[in-house]
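*Asks:*
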Amino acid sequence: EVQLVESGGDLVQPGGSLRLSCAASGFTFSNFWMTWVRQAPGKGLEWLVNIKTDGTVTYYVDSVRGRFAISRDNAKNSVYLHMSSLRVEDTAVYYCMANLDYWGQGTLVTVSS
Amino acid sequence: TVVTQEPSLTVSPGGTVTLTCASSAGTVTSDYNPSWFQQKPGQPPKSLIYYTTNRHSWTPARFSGSLLGGKGALTLSGAQPEDEAEYYCLLHYSGPWVFGGGTKLTVL
Chain E
15 EVQLVESGGD LVQPGGSLRL SCAASGFTFS NFWMTWVRQA PGKGLEWLVN
65 IKTDGTVTYY VDSVRGRFAI SRDNAKNSVY LHMSSLRVED TAVYYCMANL
115 DYWGQGTLVT VSS
Chain U
228 TVVTQEPSLT VSPGGTVTLT CASSAGTVTS DYNPSWFQQK PGQPPKSLIY
278 YTTNRHSWTP ARFSGSLLGG KGALTLSGAQ PEDEAEYYCL LHYSGPWVFG
328 GGTKLTVL
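Protein chains in written order, with the numbering used here: chain E, 15 to 127; chain U, 228 to 335.
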């Protein structure tokens, strides 16, 4: 069974940092591009960043470039999202997605003082 | 770059409806790899169509993807009550991808 399990979401103050994790199982993780997508409360989906199978290529949306960083560990079947300089508008459920195929359940990040 | 979808559509049970996905950059071609996702309230998105026309193994045959009039398109033929959901398209722009704003589909 394919599973993507996100973790690490929390309440954090503006300007703070957080690291999200996404653990994969049930498929050959190292063959899949991995993407982080977020959804603010009551809003649509926003594509954030993705990373190539071997971690050598990444693409970012302008709104998070320089503040967020994606990484992966194929030995641990995991992808990470390092978030810094967090803003109130980063409040959202963060999903990881494998290729254009599989989605996790999401983890909630709340940025508030 | 902005990706535009119809905010809402209504289809009768058993009916056919087409959702579209337009790009502010111009005509949507297969190079944009249009993909479609379904999201029901309180659930994560679910992948339906990738690379314009390809269904996943779990995608019902009543969903089909295409290019139509310079846009990406998702056609639902024989709508079922369980198809009521929000639908999002996703386009690839030579690096980053961009989601459309979503279409709320009502089956009524």
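A virtual CB, placed ideally from N, CA and C, is assigned to each residue, including glycine.
Owing to the predicted nature of the structure, the values given are computational and were not obtained by experimental measurement.
1. Assess contact between the segment 89–100 of chain E and the segment 30–40 of chain E, defined as three or more Cβ pairs (one per stretch) separated by less than 8 Å. Is contact present?
2. Check whether the Cβ atoms of E/Thr49 and E/Val63 sit closer than 9 Å, and answer yes or no.
3. What would DSSP say about U/Tyr320, mapped onto helix, strand or coil?
4. Three-state secondary structure (DSSP) at U/Tyr259?
5. By the three-class DSSP mapping on this structure, what secondary structure does E/Val75 have?
6. So if I threshold CB-CB distances at 7 Å, which residues from the segment 105–126 of chain E count as touching chain U?
7. Is the Cβ of U/Ser262 closer than 9 Å to any Cβ of chain E?
8. So E/Glu20 and E/Gly118 are in contact, right, with Cβ under 8 Å, and what is the actual spacing, rounded?
9. Any idea which residues DSSP pairs E/Val19 with across the strands?
10. If you count every other CB in all the chains shown that lies within 10 Å of the CB of U/Val229, and 16 or more means buried, which is it?
11. Exposed or buried, E/Arg52, counting other C-beta atoms within 10 Å across all chains shown (16 or more means buried)?
12. Please identify the residue among U/Leu275, U/Thr254, U/Gly299 whose C-alpha is closest to the C-alpha of U/Ala288.
13. Compare the Cα-Cα distances from E/Ala106 to each of U/Val238, U/Pro271, U/Ser235 and report the closest residue.
14. Using a cut-off of 9 Å between C-beta atoms, extract the partners of E/Leu95 located in chain U.
15. Short of 7 Å Cβ to Cβ, which residues in the segment 56–67 of chain E face chain U?
16. Do U/Trp263 and U/Leu301 have their CB atoms nearer than 9 Å?
17. Out of U/Lys298, U/Phe290, U/Arg282, which one is the CA nearest neighbour of U/Ser257?
*Replies:* By the coordinates alone:
1. yes
2. Translated into positions along the first sequence, residue 49 of chain E becomes position 35. Translated into positions along the first sequence, residue 63 of chain E becomes position 49. Contact flag set, yes.
3. Reading the second sequence from its first residue, position 93 is the one you call residue 320 of chain U. Coil, per DSSP.
4. Position 32 of the second sequence, counted from the start, is the residue given in the question as residue 259 of chain U. Helix at U/Tyr259.
5. Here residue 75 of chain E is taken as the residue at index 61 of the first sequence, counted from 1. E/Val75: coil per DSSP, three-state reduction.
6. Tyr109, Leu114, Asp115, Trp117, Gly118, Gln119, Gly120
7. Stepping through the second sequence from its first residue, residue 262 of chain U is reached at position 35. Closer than 9 Å to some Cβ of chain E, the Cβ of U/Ser262 qualifies, so yes.
8. Stepping through the first sequence from its first residue, residue 20 of chain E is reached at position 6. Stepping through the first sequence from its first residue, residue 118 of chain E is reached at position 104. Right, the Cβ-Cβ distance comes to about 5 Å (below 8 Å), so this counts as a contact.
9. Start at 1 with the first residue of the first sequence, and residue 19 of chain E comes out as number 5. In DSSP, E/Val19 forms a bridge with E/Ala37.
10. Stepping through the second sequence from its first residue, residue 229 of chain U is reached at position 2. U/Val229 should be labelled exposed.
11. Residue mapping note: residue 52 of chain E aligns to position 38 of the first sequence, counting from 1. Its Cβ being crowded by 16 or more others within 10 Å, E/Arg52 is buried.
12. The count along the second sequence starts at 1 and reaches residue 288 of chain U at position 61. Ranking U/Leu275, U/Thr254, U/Gly299 by Cα distance to U/Ala288 puts U/Leu275 first.
13. Taking the first residue of the first sequence as 1, we reach residue 106 of chain E at position 92. Here the closest residue by C-alpha is U/Pro271.
14. Within the first sequence, numbered from 1, the residue matching residue 95 of chain E stands at position 81. Correct list: empty, because the minimum Cβ distance to chain U is about 15 Å.
15. Gly58, Leu59, Glu60, Trp61
16. Residue numbering aside, residue 263 of chain U sits at position 36 when the second sequence is read from its first letter. Residue numbering aside, residue 301 of chain U sits at position 74 when the second sequence is read from its first letter. Yes, the Cβ-Cβ distance between U/Trp263 and U/Leu301 is below 9 Å.
17. Start at 1 with the first residue of the second sequence, and residue 257 of chain U comes out as number 30. Minimum Cα distance to U/Ser257 is reached at U/Lys298.
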